[in-house]
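Right, one structure below, let's go through it.
Residue numbers (the working numbering): 3 to 281.
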């Protein structure tokens with residue numbers, strides 16, 4: 003594509019949650035630090051929310067990569083599961099061998115025993131749930147009951163929920179108020195500021211191998227931030243298309259005209275109704 007044209011080793015604005023591209027701006031580093039501190043303190047529930055495309059999955063992957071060997075991590079990326087299936091998914095993550103038709107109390111007993119054995123070995127178990135807003139209410143309640151498992155010293159299972167703001171609406175329901183009360187740490191990921199977006203893009207270009215000067219002109223960056231609203235996923239989509247447009251013209255710098263072309267080709271930006279172009 004355009005890698006050789008711009009002197010890149012790899013595509014800098016891929017949507018794949020690659021932790022090598024994690025950008026530790028103040029907000030994202032604060033979110034990561036919040037989880038690490040809470041996990042180290044043995045808190046039961048931790049909640050991270052953010053709009054679509056703000057980098058929750060990448061933060062989740064970065065968290066799991068940052069934890070040391072004292073943690074045993076379990077990861078469930080699509081938790082739209084009824085309680086029993088969710089328990090089976092957790093058992094699978096904990097490397098518990100059990101029959102699919104195992105009785106509920108035996109399944110819980112097996113999970114409890116595995117958690118106890120890990121605790122005796124000095125391991126803290128951290129369950130990461132991505133897209134947690136999709137969890138049915140019954141499954142949320144089942145998770146709360148799981149956090150009742152504890153020794154005299156600490157919880158046997160800690161849970162980090164990554165979800166869209168709809169998760170907050172669910173947690174306000176009277177039926178699961180006990181779970182909401184157990185969330186001791188939470189953080190909301192917002193969009194990138196204009197300056198943070200510029201650093202974010204420079205960071206990704208550097209990781210991808212770019213060694214030149216300012217690839218995006220100041221005006222291009224300005225309009226790119228206006229168009230994307232600072233949402234990292236939209237920044238990635240538009241920046242990729244901008245570079246394709248510049249490459250198509252044989253240019254080595256992205257101009258505002260390339261941003262305009264990228265926006266015209268991106269339905270999610272046009273449908274947002276965000277007023278961004280001055281003409």
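Using N, Cα and C, we set each Cβ at its ideal position, and we do this for glycine too.
Presumed contact (8 Å Cβ cut-off) between residue i and residue j, rounded CB distance
i	j	result
residue 148	residue 159	6 Å
residue 206	residue 14	4 Å
residue 209	residue 23	5 Å
residue 34	residue 76	No, residue 34 and residue 76 are not in contact; Cβ-Cβ is about 19 Å, not under 8 Å.
residue 98	residue 78	Between residue 78 and residue 98 the Cβ distance is about 14 Å, and since that is not below 8 Å, they are no contact.
Range of the contiguous beta strand (DSSP E) that encloses residue i
i	result
residue 189	185–191
residue 174	No beta strand (DSSP E) contains residue 174, which DSSP labels as neither H nor E.
residue 18	It is not in any beta strand (DSSP E) - residue 18 carries neither H nor E in the DSSP assignment.
residue 49	47–52
DSSP three-state assignment for residue i, whether helix, strand or coil
i	result
residue 3	coil
residue 59	helix
residue 104	coil
residue 25	coil
residue 99	coil
residue 131	strand
residue 31	helix
residue 250	helix
residue 168	helix
residue 152	strand
residue 9	coil
residue 239	helix
Alpha-carbon to alpha-carbon, residue j and residue i
i	j	result
residue 115	residue 244	54 Å
residue 175	residue 214	53 Å
residue 105	residue 82	21 Å
residue 68	residue 32	14 Å
residue 260	residue 241	9 Å
residue 136	residue 84	11 Å
residue 28	residue 198	9 Å
residue 30	residue 227	18 Å
residue 271	residue 221	18 Å
residue 256	residue 65	33 Å
Given residue i as reference, the closest of the options once Cα atoms are compared
i	options	result
residue 117	202, 168 and 152	152
residue 157	168, 165, 145 and 166	145
residue 192	210, 165, 172 and 183	165
residue 250	263, 128 and 74	263
residue 233	8, 55 and 25	55
residue 133	58, 125, 65 and 40	58
residue 96	107, 80, 119 and 84	119
residue 5	212, 223, 269 and 270	212
residue 142	169, 127 and 123	169
residue 187	162, 86 and 226	162
residue 72	80, 52, 124 and 219	124
residue 26	45, 110, 194 and 111	194
residue 93	127, 66 and 64	127
residue 42	74, 52, 16 and 87	74
residue 167	189, 180 and 150	189
residue 201	80, 223 and 110	223
residue 9	225, 217 and 269	217
residue 108	121, 90 and 122	90
Endpoints, alpha helix (DSSP H) assigned at residue i
i	result
residue 262	258–266
residue 76	From DSSP, residue 76 is part of no alpha helix (DSSP H) but of the beta strand (DSSP E) over 73–78.
residue 230	220–230
residue 198	196–209
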